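Each protein sequence line maps, in turn, to chains C and V.
Read in the working numbering, the first sequence has 5 at position 5, and its numbers run on one by one without any break.
To convert, take the position in the second sequence, counting from 1, and add 1000; that gives the working numbering.
2 protein chains.
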Amino acid sequence: MNVDPPSLELAPKAKRPAGEPCCEPVVYPDIERDQARRMAAIAKALGDPVRLQLVDVLRTHAGKVCVCELVPLFDLAQPTVSHHLKVLRDAGIVGSERQGLWAYYFVIPDALAELAGWLG
Amino acid sequence: MNVDPPSLELAPKAKRPAGEPCCEPVVYPDIERDQARRMAAIAKALGDPVRLQLVDVLRTHAGKVCVCELVPLFDLAQPTVSHHLKVLRDAGIVGSERQGLWAYYFVIPDALAELAGWLG
DNA sequence: TCCGTAAATCGATGAATGTCGATCCGCCGA
DNA sequence: TCGGCGGATCGACATTCATCGATTTACGGA
Chain C
1 MNVDPPSLEL APKAKRPAGE PCCEPVVYPD IERDQARRMA AIAKALGDPV
51 RLQLVDVLRT HAGKVCVCEL VPLFDLAQPT VSHHLKVLRD AGIVGSERQG
101 LWAYYFVIPD ALAELAGWLG
Chain V
1001 MNVDPPSLEL APKAKRPAGE PCCEPVVYPD IERDQARRMA AIAKALGDPV
1051 RLQLVDVLRT HAGKVCVCEL VPLFDLAQPT VSHHLKVLRD AGIVGSERQG
1101 LWAYYFVIPD ALAELAGWLG
């Protein structure tokens, strides 16, 4: 668990006199910042237990699921669940479709692919 | 992109008279709720572009990285970066180690494994 | 012992978030 | 045409969050 590597190239080679920077700055390409913003937005939407369970249910039952099935899963008021679904929709994770009185939600394929790939 | 499945088993079989529930409730085991809480906590910690980039840098440079290398990567004050590192540490994603004046951070192996596995 | 430096902590502040009740909108059956 | 239902939206509220400047802590060099 606790690693103890000799010292990586970016770390200070040894003790230096104070007053000088301990190491050369790490460059971080701006291109990856956009990717980081996208993935962080997805992670943020998943960063709530209710929303993560909503996505889990939607993924488990591949296909569309009626909102009236999702609300009783949680000890929350209906507007609250609707709000969480909207957050997931705005993040591009789920989509919705109305059929008469009922509304159905489904996971958008590949919406989580980038984050999943980054996580390994 | 836009699926159009016939109708999954959990959806109402057909149009029903209003006043009756449109479908039987989906059961969601309480055991998975704990897992959802854990993964949501991880996702929440990653749900900020700065923190996600911090983890990315730490993962790219396998090993320990000095805080003094991380701060200039962002247009943020040093206490702000320190705060984000604390959030990641509290979430169990990274660990820290002091060596003299400097502090080194590293990614804790398998900290992201559960979320990564769930994402597929 | 004293000073300078790296990093963490504190306190404040403005913005975002989760939750709810009340209300509104669309669609259906009567 | 009307009433009822599912679901979305609105407004309010308390809480959390991201950020900063100022301060504190810990360590090393002189």
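Every residue, glycine too, gets a C-beta built ideally from N, C-alpha and C.
All of these numbers come straight from a predicted model, not from anything done at the bench.
Cα-Cα separation between residue i and residue j, rounded to whole angstroms
i: alanine 59(C); j: glycine 1120(V); result: Inspection of the sequence shows that residue 59(C) is occupied by arginine rather than by alanine. Spanning the two alpha carbons is a distance of roughly 11 angstroms.
i: glycine 1117(V); j: proline 72(C); result: 27 angstroms
i: glutamine 99(C); j: histidine 83(C); result: 20 angstroms
i: tyrosine 1105(V); j: aspartate 1090(V); result: 13 angstroms
i: valine 132(C); j: glutamine 35(C); result: No information on residue 132(C) is available, as it lies outside the stretch 1 to 120 that chain C covers here.
i: aspartate 75(C); j: proline 29(C); result: 44 angstroms
i: isoleucine 1042(V); j: arginine 37(C); result: 17 angstroms
i: proline 1109(V); j: proline 79(C); result: 39 angstroms
Distance CB(residue i)-CB(residue j) smaller than 8 angstroms
i: valine 81(C); j: leucine 70(C); result: yes
i: glutamate 1097(V); j: lysine 1064(V); result: yes
i: valine 1107(V); j: valine 1050(V); result: no
Option in the options with minimal Cα separation from residue i
i: glutamate 1114(V); options: Val1067(V), Met1039(V), Gly1047(V), Tyr1104(V); result: Met1039(V)
i: alanine 62(C); options: Tyr28(C), Leu101(C), Gly95(C), Trp118(C); result: Gly95(C)
Cβ neighbour criterion (16 or more within 10 Å) applied to residue i
i: glutamine 53(C); result: buried
i: valine 1057(V); result: buried
i: alanine 77(C); result: exposed
i: leucine 1085(V); result: buried
i: leucine 1101(V); result: exposed
Distance between beta carbons of residue j and residue i, contact taken as under 8 angstroms
i: glycine 1092(V); j: lysine 44(C); result: Contact flag wrong, Cβ pair sits at about 18 angstroms.
i: valine 67(C); j: alanine 103(C); result: 5 angstroms
Distance cut-off 7 angstroms: residue i Cβ against heavy atoms of the ligand GTP
i: phenylalanine 74(C); result: As far as ligands go, the structure on display features none, and thus does not contain the ligand GTP.
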